[in-house]
């Protein structure tokens, strides 16, 4: 009789242990085993203290030849709706383990939610706007499509190529550009790069990243200008071999994009935050641009070292600025006191332009020039103080040519004739003065 009781309890233990499905059934079976073992020992314990369980044979091991139909009352499965299963699973397992949905489907849902495009999440596009192939174009150079950013696709292709060529940079390139879980757009990529470069002990990268992302995604003009600047770096700087080079390593480009964010904050009334960004830009990139300065699109800030641009300065589109350039004011008077630079202008290294003066379109300021007066369009000025030395051809900022180009033959003859007439007039005036003195 004792052996039959032990045998029945052994079958029940096996059913409890192997009846549950997955990892959850094993844990419940273990607790049920302990409960069944205690009840078995209490029901079959000997009445005399000298009797022990040493004479009882051990429970038979499970074998394919000896199987017993599981008892449905003690079988625990994830699909079971019993109170025992719910109470046992609640403290240790997530919700998806208590549902009919598998872990693979749950993880797939998580992955899909992580890869939602941030741009489409921010912009609530109507059906009519989605059907239109909207384009923001700057002089035919930069095109931004609503659902396809060709420039961003080209940058990612360049980075994949660089990661294969230089495995040591693969982790850096992946975290900076290729990691879609952090955001799959050019704006989010630039935000992360600037945040990591400009962070400090009291200004965290996460805070800066949030500031840049909200600023860029809230102003489509900033996004268009950003792409035009990147294209300008690639086309005008011979040292820039790819878009990704400027995006990752050009501090002139970084300083300019950080200024665009600070300018947006300045115009929206958040001037303290804008001044804070200006301070960090100056410390990190050695570029001091006041948040109030207005800068156009397609700007090349080559090298960027030592560039100073004042509060009321205005810069047009497609301008190239080299290192050490100053656009400053004169005196201590307030108001509109800084230069106004037109489009297509090339400003050479260490050139200084002071005062509320106008620099015409397609002009060139030679290196180390001091400009204190207005410069008409299409002129090349040089010297200290600067004077017109030649006429430009085409767009100097795109050609990046800094040598003096000779003026046309007609202009040269007109200048000589003018000079000859001026000398004759001066000689005649001296003669008249001499006659008057003798008389």
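Numbering (our numbering), first residue to last: 2 to 440. No residue lacks a Cβ here, since even glycine has one placed at the ideal position from N, Cα and C. Computed from a predicted model, the values in this text were never measured in an experiment.
- A Cβ-Cβ distance of about 6 Å is found for the pair residue 368 and residue 352, placing them in contact under the 8 Å criterion.
- Linking residue 390 to residue 219 through their CA atoms gives a straight-line distance of about 45 Å.
- When secondary structure is reduced to three states using DSSP, residue 428 falls in the helix class.
- In the DSSP annotation of this structure, the continuous segment of the alpha helix (DSSP H) that includes residue 282 starts and ends at 272-286.
- Counting only runs of at least 4 residues, the segment 338-396 fully encloses no alpha helix (DSSP H) element at all.
- Along the length of the segment 166-233, whole alpha helix (DSSP H) runs at least 4 residues long occupy 171-174, 187-199, 206-219, reported in chain order.
- The beta-bridge partner set that DSSP reports for residue 329 consists of 355.
- Secondary structure at residue 309: strand, using DSSP grouped into helix, strand and coil.
- In the displayed model, residue 235 falls within a helix according to three-state DSSP.
- Around the beta-carbon of residue 311, 16 or more other beta-carbon atoms lie within 10 Å, marking it buried.
- Taken through DSSP and simplified to helix, strand or coil, residue 295 comes out as strand.
- Under DSSP, residue 289 takes part in a beta bridge, and its partners are 309.
- Beta bridge pairing from DSSP links residue 302 with 322.
- A Cβ-Cβ distance of about 10 Å is found for the pair residue 302 and residue 316, leaving them out of contact under the 8 Å criterion.
- Around the beta-carbon of residue 355, 16 or more other beta-carbon atoms lie within 10 Å, marking it buried.
- Your pair residue 156 and residue 251 does not check out as a contact, with CB atoms roughly 13 Å apart and the cut at 8 Å.
- Residue 207 counts as exposed, since fewer than 16 other beta carbons sit within 10 angstroms of its beta carbon.
- Classified as exposed, residue 239 has fewer than 16 neighbouring CB atoms from the shown chains inside 10 Å of its CB.
- Around the CB of residue 398, 16 or more other CB atoms lie within 10 Å, so the residue is classed as buried.
- Listed in chain order, the non-local C-beta contacts of residue 364 below 6 Å within the same chain comprise 346, 376, 380, local neighbours out to five positions each way being set aside.
- Across the structure, residue 171 and residue 189 are spaced so that their CA atoms are roughly 19 Å apart.
- In this chain, residue 317 is not harboured by any alpha helix (DSSP H), its DSSP state being neither H nor E.
- Leaving aside the five residues that flank residue 243 on each side, the residues in its chain whose CB is nearer than 6 Å to its CB run, in chain order, 159.
- A distance below 6 Å between beta-carbons, with the five flanking residues on each side excluded, links residue 290 to the following residues of its chain, in chain order: 260, 310.
- Short of 8 Å from the beta carbon of residue 179, and not among the five residues preceding or following it, lie these beta carbons of its own chain, in chain order: 157, 160, 161, 164.
- Around residue 247, the same chain offers 231, 234, 235, 241, 254 as residues with beta carbons nearer than 7 Å, after the five sequence neighbours per side are excluded.
- Secondary structure of residue 245 (DSSP, three-state): helix.
- Under the three-state reduction of DSSP output, residue 403 falls in the coil class, being neither helix nor strand.
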